[in-house]
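> This is the structure, below, for whatever I ask next.
Numbering (the numbering used here), first residue to last: 2 to 152.
Here is the structure:
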């Protein structure tokens, strides 16, 4: 199993269509299908319900998708950590926050800016539902809000 196969699987989950998932992965549709079939062969299970069109994921496919989210966060965090060690803290941090956090967030960002002047950040004020969607879609790096934890 390699990271590209997981990216292809994630794109298929998001797009729910082989052609659009291939486009999002910057590969041809036959390449995407072949790589996903190779993943299934390697794991010895079917991950995708196939027919004439995408038919959803099998129970095993759903399990792999749950695990890939943790793996993706780990890999992304590792890349950021290595970059920060290499160049110091730099780049843009995408922050999403609910409106109730605005004052605390401003104080926190002032302290962060003083300690890491080369770090840029963008703040989006979002509803709690929008914030969860942004975190899931990886359009924000950090979410600050008040949530009931659901498993």
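Backbone N, C-alpha and C define an ideal beta-carbon position, used for all residues, glycine too.
Let me know if residue 83 comes out buried or exposed under the rule of 16 or more other beta-carbons within 10 Å of its beta-carbon.
The residue in question, residue 83, is exposed, as its Cβ has fewer than 16 Cβ neighbours within 10 Å.
> Identify which residue in 20, 45 and 44 has its Cα closest to the Cα of residue 34.
Nearest of 20, 45 and 44 to residue 34, Cα basis: 20.
> Out of 54, 100, 143 and 49, which one is the CA nearest neighbour of residue 77?
Nearest option by C-alpha distance: 143.
> Considering only DSSP beta bridges, list what residue 125 is partnered with.
For residue 125, which the question treats as bridged, DSSP gives the partners 97.
> Enumerate in chain order the residues of its own chain whose CB-to-CB distance from residue 102 is below 7 Å, with the five nearest sequence positions on each side excluded.
Contacts found: 145 and 146.
> Out of 131, 119 and 4, point me to the one whose CA is closest to residue 93's CA.
Among 131, 119 and 4, the Cα nearest to that of residue 93 is on 119.
> So, is residue 72 buried or exposed, given that buried needs 16 or more other C-beta atoms within 10 angstroms?
Residue 72 should be labelled exposed.
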